[in-house]
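Numbering (UniProt numbering), first residue to last: 1 to 140.
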């Protein structure tokens, strides 16, 4: 278990079939390590964290569940693709308290932060999902 996980939520658990349905719906393939993470931690509550990149600190307040919750991957993807915020192949995985969203790019594996008030200038935070999660620092 990751140290930033505050608690898992039993009724948010997800099956591989539910993940495959979302993949099919959006014509996207989730990386295996992301699938494995969702199977264990879909909708888990986390401690308020930050990730450091190039001497800048970026807050991470919430992991986005594939299904369930108020704003799951399915809703965010539908809205953000329809609104032209992100291109196909981007998976929302986390957000900060301001509503800015971290996406995983299926093409590159990079984790990219999109600010709601500056979507034209996303910031590459990490080169892959494992590095992103391993670099969470719990804010005191």
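We put the beta carbon where it would ideally sit given N, CA and C, even for glycine. Bear in mind that the values here come from a model prediction, so they are computed numbers and not experimental data.
Alpha carbon to alpha carbon, how far is residue j from residue i? Give it in angstroms, no decimals.
| i | j | result |
| --- | --- | --- |
| residue 29 | residue 39 | 15 angstroms |
| residue 54 | residue 70 | 32 angstroms |
| residue 106 | residue 140 | 32 angstroms |
| residue 9 | residue 83 | 31 angstroms |
| residue 131 | residue 109 | 11 angstroms |
| residue 100 | residue 91 | 14 angstroms |
Check whether the Cβ atoms of residue i and residue j sit closer than 8 angstroms, and answer yes or no.
| i | j | result |
| --- | --- | --- |
| residue 51 | residue 125 | yes |
| residue 72 | residue 66 | yes |
| residue 42 | residue 12 | yes |
| residue 64 | residue 95 | yes |
On the three-state DSSP scale, how would you describe residue i?
| i | result |
| --- | --- |
| residue 70 | coil |
| residue 87 | coil |
| residue 2 | coil |
Subject >> Three or more C-beta pairs below 8 angstroms linking the region 78 to 88 and the region 55 to 66 >> reply: no
Looking at C-beta atoms only, is the number of pairs between the region 113 to 127 and the region 20 to 29 that lie closer than 8 angstroms three or more? no
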